[in-house]
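Residue numbers (my numbering): 178 to 433.
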Amino acid sequence: MKIRPCIDIHAGKVKQIVGSTLSDADKAQLSENFVSEKSPGFYAHLFKKHGLTGGHIIMLGPGNEEAALEALSTWPLGMQIGGGINLDNARFWLEKGASHVIVTSFVFYKGHIDMERLKRLTGRVGKERLVLDLSCRKREGRYFVVTDRWQNFTKEEIKKETLEKLSGYCSEFLVHGVDVEGKCQGVDLELVKLLGEISPIPTTYAGGAKSIEDAYKVKERGRERIDLTIGSALDIFGGQGVTLEEIVQFNREALG
């Protein structure tokens, strides 16, 4: 288990956003924890310098391509990329330096898993370079995948059968706990525990981490099988709960 880095890009800038406030319909409700004056390339270089691997760049809406390309060119094959990835552009992003492409809405189409789309995408990029984003929200005591920048519920539940089926077509899962994303009030340990029990492939959880102690909680609840991403609480993103040095030290200890 390790902590992975992230670069979230919105309107061309590196930001940390409260996930549940991201909406196409009402931009006035958007809650931003942090807007950086530094470029995506700055952060990619920082992560490369400290050997923080397996991280992701997420393009939150349109108009972020140039910023994402800057980060990828700074660290070729060093980070994954997601946000609007589909059959037509997936190869482009791999050719521009992404180690993997991360996909949600293209596969979870009209509220369900479109297996034909998933098979075509896997055929286009290869299972080993595809990550499925299973970011989810809780409803009636169960977790369901949400799409379109976390705005729309699908009918696909986070459960063992679903993850086992999908694992045949990708190399990793990325799961944002959208209900706690960006709030720095602690991780969703119930979701982490569930993922640790049922996920058959490498999985990264993101959402709500407020201190380095949360990493140890994820390590325990996730059975040392679930990686963690820390965003809004991190000092380089304006946070006060976790320092970059703490993350680097945690990974050194965890990875020996």
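The beta carbon of each residue, even a glycine, is placed where N, CA and C say it ideally should be.
Computed from a predicted structure; not experimentally measured.
**Message:** Rounded to the nearest angstrom, what separates residue 395 and residue 402 at their Cα positions?
**Reply:** As a position in the sequence shown, residue 395 is number 218, starting the count at 1. As a position in the sequence shown, residue 402 is number 225, starting the count at 1. For residue 395 and residue 402, the distance between alpha carbons rounds to 9 Å.
**Message:** Please return the same chain residues whose Cβ sits closer than 8 Å to the Cβ of residue 240, not counting the five positions on each side in sequence.
**Reply:** As a first step, residue 240 is located in the sequence shown; it is residue number 63 there, counting from the start. The residues are 188, 189.
**Assumed close pair residue 358, residue 385 - CB separation to whole angstroms, cut-off 8 Å** = Reading the sequence shown from its first residue, position 181 is the one you call residue 358. Reading the sequence shown from its first residue, position 208 is the one you call residue 385. With 8 Å as the limit, residue 358 and residue 385 qualify as a contact, their Cβ atoms being about 7 Å apart.
**Asked** Should residue 222 and residue 251 be called a contact, given that it needs their Cβ atoms to be closer than 8 Å?
**Response** Start at 1 with the first residue of the sequence shown, and residue 222 comes out as number 45. Start at 1 with the first residue of the sequence shown, and residue 251 comes out as number 74. Cβ atoms of residue 222 and residue 251: closer than 8 Å.
**Prompt:** Hey, out of 325, 326, 273, 321, whose CA is closest to residue 332's CA?
**Reply:** Indexing the sequence shown from 1 puts residue 332 at position 155. Cα-wise, what sits closest to residue 332 is 321.
**Prompt:** Of the choices 330, 260, 273, whose alpha-carbon is the least far from that of residue 247?
**Reply:** If you number the sequence shown from 1, residue 247 lands on position 70. The residue with the shortest Cα to Cα distance from residue 247 is 273.
**Message:** Using the three-state DSSP reduction, which class does residue 203 fall into: helix, strand or coil?
**Reply:** For the purposes of this step, residue 203 is taken as residue 26 along the sequence shown, with counting starting at 1. Bear in mind that the predicted position of residue 203 carries a pLDDT of just 43, short of 50, making it unreliable; the figure below should be weighed with that in mind. Coil.
**Prompt:** Roughly how many whole angstroms lie between the Cα atoms of residue 314 and residue 352?
**Reply:** As a working note, residue 314 is residue 137 in the sequence shown. As a working note, residue 352 is residue 175 in the sequence shown. Near 10 Å, if we compare the C-alpha coordinates of residue 352 and residue 314.
**Prompt:** Contact between the segment 285-298 and the segment 328-348: three or more CB pairs below 8 Å?
**Reply:** yes
**Item:** 8 Å Cβ cutoff met for residue 186 and residue 407
**Value:** The residue given as residue 186 occupies position 9 in the sequence shown. The residue given as residue 407 occupies position 230 in the sequence shown. No.
**Prompt:** Which word fits residue 319, buried or exposed, when buried means at least 16 other C-beta atoms lie within 10 angstroms of its C-beta?
**Reply:** Start at 1 with the first residue of the sequence shown, and residue 319 comes out as number 142. Residue 319 comes out exposed.
**Asked** Mind checking whether residue 389 and residue 427 have CB atoms under 8 Å apart?
**Response** Numbered from 1 along the sequence shown, position 212 holds the residue referred to as residue 389. Numbered from 1 along the sequence shown, position 250 holds the residue referred to as residue 427. Yes, Cβ-Cβ distance for residue 389 and residue 427 is below 8 Å.
**Item:** Entirely enclosed alpha helix (DSSP H) segments - the segment 347-417, minimum 4 residues
**Value:** 366-375, 389-398
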